[in-house]
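Chains as they are written, first to last, in this note's numbering: chain A, 1485 to 1687; chain B, 1485 to 1687; chain C, 1485 to 1687; chain D, 1485 to 1687.
Have a look at the structure below before the remarks.
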DNA sequence: CATGAATGAGAATTCATTCAT
DNA sequence: CATGAATGAATTCTCATTCAT
């Protein structure tokens, strides 16, 4: 009556498969990854894999969700500086524009671009966009309300621009060799721009 | 001695196939378009299609090349304003940010993203990036030399940022409904960004 | 844990497919046999067939290997007569020249002839030739050392001639109706010749 | 009313195509040669090619016929030595076993082997076999009648063996590298074989 | 006669997904 | 639950041959 394997074990197995899948998707991209690739990387049987994830899409979405939960951790109400919070959001903990890109990002782009005609996928992409948008929008709105940021520009528009810029960088980074994109320099330029748009003077 | 059809006809046929292919690629995207789709849309037989284009990649690249030749027409040496030239380059003839997106753009993104692990495709993408980069870089360099633009930022960096922004917009536009991306508003904001980077005061 | 079917079953399935394939290859020849032919003869699905053999070449080579293992059974060190051993090698158990030809032989010839420009296939053919050559060469060498055979001719040359003769017979047999080739009579003549070349007097 | 091009011209054109086709067949083999290969090598249009030869088979058979007419020229009645005549037949003018192989031979084998299930082709092959057989058989019969050759063996049987040997050599030569087949040595050995079978003592 | 565009049957191969054990 | 054999729809690409001009 009791399950043969512990719930813990199941969770672990699932996590292992996901981790293996991540590597495979990073290597081959979304479209060119086959379930067999995943099976082999995760050392699961075909049936086993389908036990945890009912198809390739489901599997990939699980990876997408994973990424999400990590990011939603910040719910700070009061911070000394919204600007530094924004920088952290953009470039990670240290807030300086030299962070690595998410290696799965190219596959994520693929997933949404190739699936843009699929209603379900489209809706999912939109939801994710909205979530990202909210985060930046909220932050900027608060900064504006607190007086730290100028409200010259609509907060949502700035938020959208941030995402557009990030997406553009991710795209170019996916396609071009590192030395072509100049991630760091472009990021620095974009930061200057944000400073201007939000009227932030400090470094 | 006389071929069955005139050279004109051949050219036309090829153009027709390309046009049909364009529609199909716009509708289904690069990955999900099959040669059969194209065959049917262009009303060509299998063999006929392969007579003109040896495979899907070749066919799509023909479409990519088409786009290229159209753009290279402008080689103005002396202009009254580099800024307005830049605006024209970005937003078309009238230079105002309300242009339509190239409907094939999403498929182009697909083409390069899904092919990022293919040496040939990668090289091709890089070449195209370089070509685009040169155009903007040249323009900005001239503007800087003429004193119209500030040289606070490296011209190439600004050029890269322009492409990044365009790519980001194209990407979001491919995935999200029109009303979400706010093309026009973001473009206007981006123009401000450029004004800041190039120290251009005029409207 | 337990697979759907026993290992035995799998082996059997593979053997069944091979057997069906053999019949199909015998009937249509190598080039004109399609995987569909095999599928239907073996009553396997397309995917099923490809599960066992990754392509036509692989499938055929499996048949070739099969034939090989059967022959390698003889490793007799001391025999009362190398001549009778040679006859057995040539004509099967009873050592008399009235054996049937391997019905797959024509397809084997096809396989190697049509593939003569393919590096892989060529190498494989050479390997097989060498293996056959070794067997006859060894036998003759021993016979010569033991004094049973004359060493007037180089053992390897005689061995090559044997293979040439066999190949010639196989070829003619593949192309001509049985009554034309006169397998038995030609074989008898060839035996006489070998007797002369090896100086063997007995019947 | 009079033909636009001279009959001579037509003949020449045909001969040119055949010569080009020969080279192509030598290079790719019968099965893997396409009409396009021939078109390009002969610099004929598709339609032009089909004007002269109604299909690939027809084209190849024309090449086969070509070879035939050249050889059938000798019909000497009285010769001083049937043995030397036989040697000439086997090894060309000088009658010594160091002749080159017909480079088209591998393709000829292919043609007949892959076509062995086609009634027409089979009949054609048989006819050719018979023709070859007759030549050798006649020669040997005469030699036997004249007393130069022993009639221990049936002349036809010996003739068949000659063809078998030639076919075997051609086959091995088609598949194996030159140094493996040892054409010359095997030929010399085969001459000994014939000497035995025909009881000819002289060199 | 010559041309070469067009045809379309057919071959190989891939892969997500199912399901009997 | 796990297994992995089996399925078969889909897709790409090839090539001999035809035929309108």
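Just so it is clear, CB atoms sit at the ideal spot from N, CA and C, and this is done for glycine as well.
C-alpha of residue 1501 (chain D) to C-alpha of residue 1535 (chain D): approximately 11 angstroms in a straight line. Every alpha helix (DSSP H) of 4 residues or more that sits fully in the segment 1503-1575 of chain D is shown, in chain order, as 1519-1526, 1530-1536, 1540-1555 and 1566-1575.
In summary, the residues of the segment 1559-1593 of chain B whose CB is separated from some CB of chain A by less than 7 angstroms are 1590 and 1593, in the order they occur in the chain. Among the CB atoms of chain B, none fall inside 9 angstroms of the CB of residue 1604 (chain A). Around the CB of residue 1530 (chain A), fewer than 16 other CB atoms lie within 10 Å, so the residue is classed as exposed. The beta carbon of residue 1540 (chain A) sits closer than 7 angstroms to the beta carbons of 1519 from its chain, once the five residues preceding and following it are set aside; these are given in chain order. Between the alpha carbons of residue 1578 (chain C) and residue 1603 (chain D) lies a distance of about 35 angstroms. For residue 1670 (chain D), at least one C-beta of chain C is nearer than 9 angstroms to its own C-beta. Under a 10 Å Cβ-count criterion, residue 1636 (chain B) is classified as exposed, with fewer than 16 other Cβ atoms of the shown protein chains found around its own Cβ. Residues of the segment 1494-1525 of chain B with a C-beta less than 9 angstroms from any C-beta of chain A: 1511, 1512, 1513, 1514, 1515 and 1516, listed in chain order. In the structure shown, residue 1599 (chain D) falls within a coil segment according to DSSP collapsed to helix, strand and coil. Residue 1661 (chain A) sits exposed, since fewer than 16 C-beta atoms from the chains shown fall within 10 Å of its C-beta. Comparing alpha carbon positions, the residue from C:1617, C:1645, C:1499 and C:1517 closest to residue 1678 (chain C) is C:1645. The DSSP-derived three-state label of residue 1620 (chain A) is helix.
Taking residue 1676 (chain B) as reference, the option from B:1567, B:1617 and B:1583 with the minimal CA-CA separation is B:1567. At a cut-off of 9 angstroms between beta carbons, residue 1596 (chain B) contacts chain A.
Pairwise C-beta distances place the segment 1610-1630 of chain C out of contact with the segment 1652-1670 of chain C, as fewer than three of them are shorter than 8 angstroms.
Three or more beta-carbon pairs separated by less than 8 angstroms are not found between the segment 1593-1613 of chain B and the segment 1498-1518 of chain C, which leaves the two stretches without contact.
Chain D places no beta carbon closer than 9 angstroms to that of residue 1615 (chain C), leaving this residue out of the contacts. Residue burial annotation: residue 1588 (chain B) is buried, with at least 16 other C-beta atoms found within 10 angstroms of its C-beta. Just so you know, the alpha carbons of residue 1494 (chain A) and residue 1545 (chain A) end up roughly 19 angstroms apart. When secondary structure is reduced to three states using DSSP, residue 1684 (chain D) falls in the coil class, being assigned neither helix nor strand. Proximity to residue 1511 (chain A) across A:1498, A:1576, A:1580 and A:1591 peaks at A:1591, based on C-alpha coordinates. Residue-level contact by beta carbon holds for residue 1641 (chain D) and chain C, with a gap shorter than 9 angstroms.
For residue 1657 (chain B), the CB contacts under 6 angstroms within the same chain, skipping 5 residues up- and downstream, are 1585 and 1665 in chain order. The residues 1581, 1582, 1583 and 1671, in chain order, have a CB closer than 8 angstroms to that of residue 1575 (chain A) in the same chain once the five nearest residues on each side in sequence are set aside. Boundaries cannot be given for residue 1636 (chain C), as no alpha helix (DSSP H) includes it and DSSP labels it neither H nor E.
The DSSP-derived three-state label of residue 1631 (chain D) is coil.
Cβ atoms of residue 1598 (chain A) and residue 1513 (chain B) come within 8 angstroms of each other, at about 6 angstroms.
Identification of chain A residues near residue 1635 (chain B) by a Cβ-Cβ cut-off of 7 angstroms yields none; the smallest Cβ-Cβ distance measures about 14 angstroms. Considering only beta carbons, the part of the segment 1652-1665 of chain D lying closer than 9 angstroms to chain C consists of 1652, 1653, 1654, 1655, 1656, 1658, 1659, 1660, 1661, 1664 and 1665, in chain order. Out of C:1524, C:1503 and C:1632, the CA that lies nearest to the CA of residue 1550 (chain C) is found in C:1503. In this model, residue 1527 (chain B) and residue 1615 (chain C) are separated by some 56 angstroms (Cα to Cα).
Residue 1600 (chain B) is classed as buried because its beta carbon has at least 16 other beta carbons within 10 Å across all chains shown. Comparing alpha carbon positions, the residue from C:1498, C:1685 and C:1499 closest to residue 1633 (chain C) is C:1685. Closest in C-alpha terms to residue 1507 (chain C), from the list C:1608, C:1522 and C:1651, comes C:1522.
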